[in-house]
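Q: The structure is given below, and queries will be raised subsequently.
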Amino acid sequence: MEIRIGIKHSPRELAFDTDSSAAEVRGIVEDAISNSAALVTLSDVKGHQYLVHTEAILYVELGGEGGRKVGFIS
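Each residue of the sequence shown is one higher than the one before, counting from 3 in the numbering used here.
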């Protein structure tokens, strides 16, 4: 599933693929915001971890699960 996170004061968004379900990612983000956590920690399919300041999150877009990508990756 693809995740896109909009960051305050940044013209670009953080985008990556994860093995987590939409419900899991939503739960992680909602828990961090409701508990006033300083950071949200998410990981991608390659095992990289992303730490995002909770206060800097403008939006989180959860893409469709599954599906294959076709084409070249640069």
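Idealized CB from N, CA, C, for every residue including glycine.
For Leu60, which residues from the same chain have a beta carbon less than 7 Å from its beta carbon, with the 5 sequence-adjacent residues on both sides left out?
A: Gly8, Ile9 and Lys10
Q: On a Cα-Cα basis, can you pick out the residue from Ser38, Val42 and Ser23 that is closest to Gly65?
A: Ser23
Q: So for Ser45, helix, strand or coil by DSSP?
A: In this structure, Ser45 counts as strand in the three-state DSSP scheme.
Q: Going by alpha carbons, who is nearest to Glu4 out of Asp19, Pro13 and Thr43?
A: Asp19
Q: To the nearest angstrom, how far is the alpha carbon of Val62 from that of Ala39?
A: 16 Å
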